[in-house]
Structure formats: C-alpha cells, structure tokens
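Numbering (our numbering), first residue to last: 7 to 83. In this text, a Cβ means the ideal position worked out from N, Cα and C, and glycines have one as well. Source: prediction; values computed, not measured.
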C-alpha cells in the first residue's frame with residue numbers, strides 16, 4: 007500500500023509516498039488513521055490481547071493451515 011505523496015494512479019506510486027506492506031501492520035495502520043471505526047479495542051490491555059491473538063494466528067495457525075492444504079508431510083504435528 008502506498009500512503010501520502012502526490013495524487014498518482016495506484017499502479018504508479020510516487021517516490022514521495024510511504025510504502026507499507028504486511029497485512030497485520032496495515033490493519034493497525036488503518037485503525038490509527040480511523041480510530042472512530044472501532045477496529046481495535048480502546049482499552050490498552052484488550053489491544054494487547056488482540057495483538058497476541060493476531061501474532062498467534064500469523065505465526066502458528068496460518069503456516070499450519072497452508073501446510074495442511076498444500077499436502078506437506080509435516081502438515082499435522
């Protein structure tokens with residue numbers, strides 16, 4: 007995702023824009039831009055729990071899910 011910089015076509019991001027990648031980072035970035043949307047809990051402890059859950063899905067569940075559907079021999083540990 008390209009953010010900020012001059013108004014250019016999406017497929018031609020400007021050198022002046024900030025490039026962001028990684029879905030979990032983008033979710034938190036959008037939440038920072040639009041806090042009134044309620045994408046994350048307002049309470050700091052609840053946000054920490056949300057990040058813990060997101061990290062667990064990203065680092066443990068998602069790789070196992072992909073491995074299972076790709077038919078890898080180590081898909082079920």
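### Query
With a CB to CB cut of under 8 Å and the five nearest residues on each side skipped, what residues in its chain are close to residue 64?
Your numbering for residue 64 matches position 58 in the chain shown. Excluding positions up to five away in sequence, the list reads 30.
| field | 4-residue-minimum alpha helix (DSSP H) runs that sit fully inside the segment 17 to 65, ordered along the chain | value | 29 to 39, 50 to 62
Please tell me whether residue 50 and residue 25 are closer than 7 Å, where the distance is taken between their beta carbons. In the chain shown, counting from the first residue as 1, residue 50 sits at position 44. In the chain shown, counting from the first residue as 1, residue 25 sits at position 19. Result no, Cβ atoms of residue 50 and residue 25 do not sit closer than 7 Å.
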